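Colleague:
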């Protein structure tokens, strides 16, 4: 049986902007991404997402909307990454840089896809259309997608994942 690692990913949104963070160390270093990470054993996925958001960019929220579910597999690693994707338009606090992430607002028309994980270009359009989605990506290294599957879900189905 494949080992699974439970992760959260949060995107803070404005009408025409999205907050991304430049990963400064660790897995994904040098790539722009949302905020999130490993869900701890003593917390729910939602609690983990809220905690990671606060730790990585200083913002707090109590209103996250689940928008997607992604699974990532890497040829060189038997662990399947299970990522629960959330978005929020309601937050408070001041955007601050952390040891791990350097946050920056981007206009939706100028997202730096060339400096992000390659899969983002596939599923960001679903998120921007507010369409719940589920995806699978198999990587070789950190820049080559060998295969993928992406589908639109209804909210009811997404809430059961």
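Numbering (the working numbering), first residue to last: 35 to 195. Idealized CB from N, CA, C, for every residue including glycine. It should be emphasised that the depicted structure is a prediction, and the values quoted were computed from it without experimental measurement.
#1: Pick out the complete alpha helix (DSSP H) segments inside the region 120–191, 4 residues or longer, and give them in chain order.
#2: Write down the C-beta distance between residue 210 and residue 135 rounded to the nearest angstrom, noting that I regard them as a contact closer than 8 angstroms.
#3: If the criterion is Cβ atoms closer than 7 angstroms, does the pair residue 66 and residue 161 meet it?
#4: Look at the alpha carbon of residue 166 and the alpha carbon of residue 44, and state the distance between them as a whole number of angstroms.
#5: Residues in its own chain within less than 8 angstroms of residue 59 by CB, not counting five upstream and five downstream?
#6: Kindly indicate which three-state DSSP category residue 80 falls into: helix, strand or coil?
#7: Beta strand (DSSP E) containing residue 72: first to last residue?
#8: Grab me the residues of residue 52's own chain with a C-beta within less than 8 angstroms of its C-beta, minus the 5 sequence neighbours each way, in chain order.
Modeller: The relevant details are as follows:
#1: If only complete runs of 4 or more residues are kept, the region 120–191 shows the alpha helix (DSSP H) at 154–162, in order along the chain.
#2: Nothing can be reported for residue 210, as the shown portion of the chain is limited to 35 through 195.
#3: Residue 66 is not a Cβ neighbour of residue 161, given a cutoff of 7 angstroms.
#4: One C-alpha to the other measures close to 14 angstroms.
#5: If we look at residue 59 and ignore the five residues flanking it on each side, its Cβ neighbours are 133 and 134.
#6: In this structure, residue 80 counts as helix in the three-state DSSP scheme.
#7: Its beta strand (DSSP E) spans residues 69–72.
#8: The residues are 45, 46, 139, 140, 142 and 145.
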